[in-house]
Amino acid sequence: MQDITTMSASSLIPTTEPRFRVPDARGRFGQFGGMYVPETLMTPLLDLTKAYDEARRDPAYQQAFADMLRDYAGRPTGLYFAESLTKHAGGARIY
562 MQDITTMSAS
572 SLIPTTEPRF
582 RVPDARGRFG
592 QFGGMYVPET
602 LMTPLLDLTK
612 AYDEARRDPA
622 YQQAFADMLR
632 DYAGRPTGLY
642 FAESLTKHAG
652 GARIY
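Counting in the numbering used here, the sequence shown runs from 562 upward without gaps.
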């Protein structure tokens, strides 16, 4: 085992491939992979990709998304009194 005081910085940097990769501009992960969907879905999928790319760069969208995450994501659903269902069921208070 090498003494840490004599090790070079390059020997401390991991040399393994990253565990997860991101797709390239064509949606491919390395040599293989990509968008293999029925041809009828290609246009809507490309439209969705374009819309997402625009939205993720839009500060207003990012703020609205952050607000929703802060206010709603991961929170329990509020208890709601189901008035119509209560009447339909004969009066038992249903929430």
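Backbone N, C-alpha and C fix where the C-beta goes; we use that ideal spot for every residue, glycine too.
Excluding five sequence positions before and after Ala643, the CB atoms of its chain that fall closer than 7 Å to its own CB belong to Ile655, Tyr656, given in chain order.
CA-to-CA, the gap between Lys611 and Pro584 works out to about 15 Å. Taking 8 Å as the upper bound for CB-CB distance, Arg582 and Phe590 are in contact here, some 5 Å apart.
Assigned with DSSP and collapsed to three states, Phe642 falls in coil, not helix or strand.
Our two residues, Gln624 and Gly651, have alpha carbons roughly 45 Å apart in a direct line.
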